[in-house]
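**Student:**
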Amino acid sequence: MSAPPSYQGLAGRRVLITGGTGFIGGRLAERLILEVGAEVRALVRTYTHASRLARFPIELVQGDVVDERAVRRAADGCDVVFHCAYGTSGTQRHRARVNLKGTESVLGAAAAAGVRRVVHLSTLMVYGATEDGDLDERSPRRFFGDAYSNSKLRAESLALSSAASRDLEVTVLQPTAVYGPFGGVWTRNVMSQLASGRVILVDGGSGLCNAVYIDDLVSAMLLAAVEAKAAGEAFLISGEEPFPWSELYGAFETMMGLEERTVTMSAKEARSHYRHDRWNRPSIVSEGLRMLRGDEELRDRVLATREASLAQWMISTVLPEAAQKKLKRRLLSSRSRGGPEPRDSDELPIHPMSPLMVKFFLPKTRVRIDKAKELLGYRPAFDFAAGMERTREWAQWANLLS
Amino acid sequence: MSESSRNPLRVAVVGCGAVAAIHHLPALHSSRLAEAVLLVDKDRERAEGLAREFGIAAVATDAEEVPSKAEAAIVALPNYLHAPVAIDLLRGGIPTLVEKPMARTVAECDAMIEAAVETILAVGLEFRFFHSSSLVRQVLASGILGAVRRFDLRQGVVLEWPLSSDYLFRKDLAGGGVLMDFGSHLLDLVLWWFGDPATIAYYDDAQGGTESDCRLELSFSSGLEGRVEISRIRDLPNTCRIEGERGTLEVGIWDPDPPVTLSLNGSDVELKGGAVAPGENGGGGFREAFRRQIDDFAQAVREGGTPRVSGAEARRSLQLIETCYATRGDLEFPWMSWLPSEAP
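Following this line, the structure appears as structure tokens:
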């Protein structure tokens, strides 16, 4: 029989989780209570999504992660803070602010409350657009280009530099694609994409997917909270071996009993499809006209405005009569015009993939987890098949499989 | 007929949280038999805001002011306050409609019923006022389905209700989790439709806190077997499917105007549509269900009758809920173990 994992040392200790109502923080809370026997406190912005947490004797502290005083109250008396919260709603700008300001306030509050260690959840995305071949923690950090990745890189830098300037131990984890029961981006979103259309596989999905089952990530987080050598370090956390993206989408297709929900494109074709799709989307003008045609009261109210009167005057002065008639017909006709052409009903729409995401799916990057193995004693317990079996059992229960 | 019995029943709403703002006040606003005349909330600003919105003259921060300003009350407070506040009002002779669940325990229910000997106690189980719920009861009573063999009630909605505090998750304040919350409606319907079960088995996912998901298996002396699943962490079909020896009835149970489907064995057609009252086009959604509930209460007060869901009626589902909690077993989920399954 092997020795109990080192994180059993957290038994009876008080810990704080930010983002506890989410996928990763929620599972972390479950294991901290059931497996470790820690005293868990969770900072929650609202109580609405706390049902899963409330199954346990968890102390729920209401507060926004960007409010340092609220986090300070929640961190009081805690040995470890697991910072999993990130911006999930509002504008990109707001989300980025939650990522950065939230990290700043967690670090400040943890230092003030005398917390021993902060485990900061970062992301593989801090390495930006990766290349073929091995990637480890010595690889250069780069902005990927979207608000999430960019702000997560800034937050991670802050976390690591803060560790040096404050009397605070910080360990950073950079998980790859996290999937499993209650998962969002790499579980439910994949399922809803496959259910609602076809997904592009760039170069047949031959790029490598570095994925980690939720419980392996949580094991790494628990280890990161206790291993002395982890202080001030960042660790990539992934499954044992990457596999082609086609395998990930194929596994979800199989789980859902779907067929032919992926379509192969070269990077160039995917980019061109994206441009074409954008061009075919309804413009604000065509959508506005459509709304006005559909709602007589709204149309009359808009036509009665000063701006509309001015526009009508200009049209009557500038446009030839035939063009005026055509415009009027278009505005008043209840028959739908403009907007995208109706799609062939036999063919499901192809979800457009942004050029940035093409860059994400293309490379054959192999994420190395040697550092986590060596310093944390991390050993992924779930291969993709085992992780997907758990995911299937959950999806069945969650009524997500027909 | 006295002057007071011709005028709308003057109602105080005690507790100005989400259910008052979203359901009770709009229902009172559209009722011809009752009107809101007083709003009570310890947060005076909250009460004043709603009073302005609904054109209500008086606000107060304590339910003590109810008897001097209103004839009846709706108690829409957190669950732990239902019994103490309702008992005070009832003892003061104020007919009271209490939001569901009636109380946290059967003992509290009994104290409330005792306090209501001289007046009227109704419980806000508005699902009973959905036309579809009445239709199911009447179809079952008619015998169209023959002997009823089995039912499956699956209700699950990921919670999005705006919660201003954590009371719903605290057993001491709420009395329980999803079984107490959504379940008080559903078990009330089950008892109304099928009567009292002979035996039950109950499982939930609570691990020292309040359950977010549960399953109840019921057996009736008639041979009927039923299963109820309730969740606030997964979306379920929100239907009750009832199988009889001659046919099947399926009814939506979360939507106030759900589709109802009646299929008779051996028939190649089925009846599908919404339940409506004669002369109406639809059920009118939650607002109308709440309006029918307040009208039923007002009518019982004015005419001295019994409301559709009296304290004694609502106590039955509380009794069942209490039995569930006393005999609970763990729901088991394969993904809860942090170790991979052993290879076979």
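As you go down the protein sequences, you meet chains B and E in turn. In terms of the working numbering, the first sequence is residues 1407 to 1808. In terms of the working numbering, the second sequence is residues 60 to 403. Virtual Cβ for every residue (Gly too), placed ideally from N, Cα, C. None of these values were measured; they are calculated from a predicted model.
#1: For H1500/B, count the other beta carbons within 10 Å of its own beta carbon; 16 or more makes it buried, fewer makes it exposed. Which is it?
#2: Would the segment 1520 to 1529 of chain B count as touching the segment 1569 to 1580 of chain B if we require 3 or more Cβ pairs under 8 Å?
#3: Compute the minimum distance between the beta carbon of A175/E and the heavy atoms of the ligand SAM, and state whether it is under 8 Å.
#4: Could you tell me which of S1555/B, R1796/B and P1758/B sits nearest to S400/E, measuring between CA atoms?
#5: So with CB distances below 8 Å, who are the chain B contacts of L218/E?
#6: Per DSSP, what are the beta-bridge partners of S369/E in this structure?
#7: Can you find at least 3 beta carbon pairs, one from the segment 1765 to 1784 of chain B and one from the segment 1602 to 1615 of chain B, that sit closer than 8 Å?
#8: Identify each residue in the segment 1559 to 1582 of chain B for which the Cβ-Cβ distance to at least one residue of chain E is less than 8 Å, and report them in chain order.
#9: According to DSSP, what are the bridge partners of P290/E?
#10: Name the DSSP bridge partner or partners of F210/E?
#11: Would you decide whether K1558/B is buried or exposed? Buried here means 16 or more other CB atoms lie within 10 Å of its CB.
#12: For V125/E, which option in A80/E, L323/E, S281/E and V73/E has the closest C-alpha, if you only look at C-alpha atoms?
#13: Please list, in chain order, the chain E residues whose beta carbon lies closer than 7 Å to that of W1592/B.
#14: Return the Cβ separation of L245/E and I312/E in integer angstroms, given the expectation that the two are a contact with Cβ distance under 8 Å.
#15: Using 8 Å for Cβ pairs, my map puts P1755/B next to H1679/B. What's the rounded Cβ distance?
#16: Would you report the Cα separation of D1552/B and A1502/B, rounded to the nearest angstrom?
#17: If S271/E sits next to I292/E, beta carbons under 8 Å apart, how far is it from one beta carbon to the other, in whole angstroms?
#18: Quick one: what does DSSP say R1572/B is sitting in, helix, strand or coil?
#19: Run down chain E in chain order and give the residues with a C-beta less than 8 Å from the C-beta of I1606/B.
#20: Since A434/E contacts H141/E with CB under 8 Å, what's their CB separation in whole angstroms?
#21: Note down the Cα distance separating P1581/B from L1530/B, rounded to an integer number of angstroms.
#22: Can you name the start and end residues of the alpha helix (DSSP H) that S192/E belongs to?
#23: Show which residues of chain E have a CB atom less than 7 Å away from the CB atom of A1631/B.
#24: 9 Å is my cut-off, CB to CB: does V1525/B come that close to chain E?
#25: List, in chain order, every chain E residue whose beta-carbon is nearer than 9 Å to that of L1449/B.
#26: Distance check for A95/E and V70/E, CA to CA, integer angstroms please.
#27: What's the C-alpha gap between A1435/B and L194/E?
#28: Which runs of the alpha helix (DSSP H), 4 residues or longer, sit entirely within the segment 1559 to 1612 of chain B?
#29: Using 8 Å for Cβ pairs, my map puts G1508/B next to A1491/B. What's the rounded Cβ distance?
#30: Relative to the alpha-carbon of A1634/B, which residue among H1455/B, T1454/B, L1782/B and A1517/B has its alpha-carbon at the smallest distance?
#31: Tell me the residue span of the beta strand (DSSP E) that contains P318/E.
#32: Taking Cβ positions, are L295/E and A1787/B nearer each other than 9 Å?
**Tutor:** Walking through what the data contain:
#1: exposed
#2: yes
#3: Among the components modelled here there is no ligand, and therefore nothing to report on the ligand SAM.
#4: R1796/B
#5: T1454, H1455 and S1457
#6: A181/E
#7: yes
#8: none
#9: The sequence as given places Ser at residue 290/E; Pro does not occur at that position. The partner list for S290/E (beta bridge, DSSP) reads G215/E and D272/E.
#10: G285/E and I301/E
#11: buried
#12: V73/E
#13: Correct list: empty, because the minimum Cβ distance to chain E is about 15 Å.
#14: 7 Å
#15: Between H1679/B and P1755/B the Cβ distance is about 11 Å, and since that is not below 8 Å, they are no contact.
#16: 10 Å
#17: 5 Å
#18: coil
#19: What I1606/B touches in chain E: nothing, since even the nearest Cβ is about 28 Å away.
#20: With chain E covering 60 to 403 only, the question about residue 434/E has no answer from this structure.
#21: 6 Å
#22: H190 to S201
#23: Chain E residues near A1631/B: none, gap ~15 Å exceeds 7 Å.
#24: no
#25: Within chain E, no residue comes near L1449/B; the closest Cβ sits about 13 Å away, beyond 9 Å.
#26: 5 Å
#27: 45 Å
#28: 1595 to 1602
#29: 6 Å
#30: L1782/B
#31: P318 to L323
#32: no
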